[in-house]
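Heads up: take any position in the sequence shown, counting from 1, add 61, and you land on my numbering. Report on the structure given below.
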Amino acid sequence: MTNVAVVGAGVAGLGVAYALRDDADVTLFERTDRVGGRAATGAQAGCVYDTGANYVKSDDERVSRVVRELSDDAVEVAGSVWTFDADETISEGRDEDAPKWTYRDGIETLGERLLSASGASVQTDARITTLRRDERWSVEDAEGNEFSPWDELVLTPPAPITASLLDAADWDDDLGRELREHVGHVPYRTILSVALHYPFELDRPYYALVNADKAHDVGWVGRESCKPGHVPAGESLLVVQMAPGWSAEHYDRDDSDIAASVADSAADLLSDHALAAPDWFDVIRWRDALPNSGANGDLLRRAEDRNLRFAGDWAEGDGQVHLALRSGLDAGDRIAE
Ligand SMILES: Cc1cc2nc3c(=O)[nH]c(=O)nc-3n(C[C@H](O)[C@H](O)[C@H](O)COP(=O)(O)OP(=O)(O)OC[C@H]3O[C@@H](n4cnc5c(N)ncnc54)[C@H](O)[C@@H]3O)c2cc1C
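This is how it looks when you write it as C-alpha cells:
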C-alpha cells in the first residue's frame, strides 16, 4: 500500500487522511499535542468555546456530507451575524443563508472525528523541521528523529510555515526553489482571540457582530451561549477576535493586559460596562490566522510529479474550514488515483 506522510493535523491534513482511509497508510505529523489546527476549542469552568474558527458553514455538498457523516452531536448556531462600523453603530447586517455548525463539545470535535474515521496514525508534539528528497521523501522533527521513506508527502501548515519548510528542504530542484518563493509570498494576517466569561446572562438579538468597514480594533464578537451545550444557564461567554493591525501590535503583551483592553473594547461596543470586568478570560494567539489570498494552484500541482502535494486554506485562497477540508479531501483523492 502507498504510504503517505502528512505534515499538519488541521482539517486539511485530516481531510487527506480521511480521503485515503481505504487506499493508503497515512501518518500525520503534528507539532502540537492535539489535532484540528485552527478549528480549535477551549474548555474551562464548565464552558466550551471555539477559539479559532467559530463555525463551519458549507455550500459544498461533499464537505457537508462528510461533516454530517461524522456528526451525531453537531449543533446549529442560533442567531445571525450583525455588523458594526468604526463608530460602533450596530446594524442588522448579514443575511444568513447557510446554517452554521459546530459541535456540542466544540468545533475541535470535527478534527477528532476525521482522525478516528480515517484510521490514520498521528505523531503529536512532532514539529517537522526538515524535508529530504532522495528516491523518496523523508521528514525529520525538531528532536532530530527521522521518519522515512514515504511514497507521498503532503504539506498542510499555513503558507509561511510551509515556505520555511521548503526553504530548509534538502531537495535540489528548480521547482522547489520556485515553490518556496511563491508560497512565501502568500500573506497571512494575525488575530488575537480572547474568551471573556461573565457570571450573568447577556441577552442580545444576534449571535455575533462583525466589523464591516474593517476600521475598528475589534474584528468580531461572538456569543458562545448561542451554541447549544457551550455555556451553562445564567452565564455568558464572549469570544472577541481583534483586528489584524491591533493583534500584531499587541501580540507580545501579557495575557492579562490584552484581556483588560479587549474587555474594555467589548464593554464600549456592546454599551454595557459590566462587560469590562470578566471573572475569567483566555487569550489565544494566532500568528498565521487567515490567508489574505491564495497560491497558484497550477504551480502547486506541478509538484505532484515529485510526489509532493499541498493542502490548506491558503491553497484554496480563503480562510474557511470547509475550504481547508475540501482541499485536503481533493489532495487525498488525487493520491488515490
Ligand atoms: C481566529 C480565527 C477565526 C476563524 N473563523 C472562522 C470561521 O468562523 N469559519 C471558518 O470556516 N473558518 C474560520 N477560520 C479559518 C479556519 O480555522 C481555517 O481556515 C482552517 O481551520 C485551516 O485549516 P488548515 O488545516 O488549512 O490549517 P491549520 O488548521 O492551521 O492546520 C495546520 C496544522 O499544521 C500544524 N503545523 C504547523 N507547522 C507544523 C510543523 N512544522 N510540523 C508539524 N505540524 C505543523 C499546526 O499545528 C496545525 O495543526 C478562522 C481562523 C481563525 C484563526
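The beta-carbon is built from N, C-alpha and C at its ideal position, and this holds for glycine as well.
Sequence-distant partners of N357 (beyond 5 residues in either direction) whose C-beta falls short of 8 Å from its own C-beta, in its chain, are H243. By the neighbour-count criterion, in which 16 or more other beta carbons inside 10 Å mark a residue as buried, H334 falls on the exposed side. Linking V72 to D148 through their CA atoms gives a straight-line distance of about 36 Å. Boundaries of the alpha helix (DSSP H) around R123: 122 to 130. Distance from L171 to V136 at the Cβ level is roughly 12 Å; contact not present, criterion being Cβ atoms closer than 8 Å.
Your pair N115 and R250 does not check out as a contact, with CB atoms roughly 16 Å apart and the cut at 8 Å. Considered as a whole, the region 78 to 148 harbours 122 to 130 as its complete alpha helix (DSSP H) runs of no fewer than 4 residues, in chain order.
In this structure, W347 has its beta carbon less than 7 Å from a heavy atom of ligand 1. Excluding the 5 residues flanking it on each side, L227 has same chain C-beta neighbours closer than 7 Å at G237, L240, R241, V244, in chain order. Listed as beta-bridge partners of A256 by DSSP are V300, D343. Within the same chain, and ignoring the five residues on either side of P160 in sequence, the residues whose Cβ sits closer than 6 Å to its Cβ are E137. The three-state secondary structure of I222, taken from DSSP, is helix. DSSP places D233 in no beta strand (DSSP E); its state is neither H nor E. The C-beta separation of E173 from V96 comes to about 6 Å, placing the pair in contact by the 8 Å criterion. Per DSSP, G380 lies in no alpha helix (DSSP H) segment and is marked neither H nor E. For D325, the secondary structure class from DSSP, reduced to helix, strand or coil, is helix. W143 is positioned such that its CB atom lies no closer than 8 Å to that of Y312.
When C-alpha distances from I151 are compared across N272, H258, S322, the shortest belongs to N272. Nearest in C-alpha terms to P339, of all of R165, D195, P260, is P260. When secondary structure is reduced to three states using DSSP, S152 falls in the strand class. Between L299 and V279, the CB-CB gap reaches or exceeds 8 Å.
Straight-line spacing of the CA atoms in D111 and K118 works out to 14 Å.
Around the beta carbon of P293, a 10 Å sphere encloses fewer than 16 other beta carbons of the protein chains shown; the residue is thus reported as exposed.
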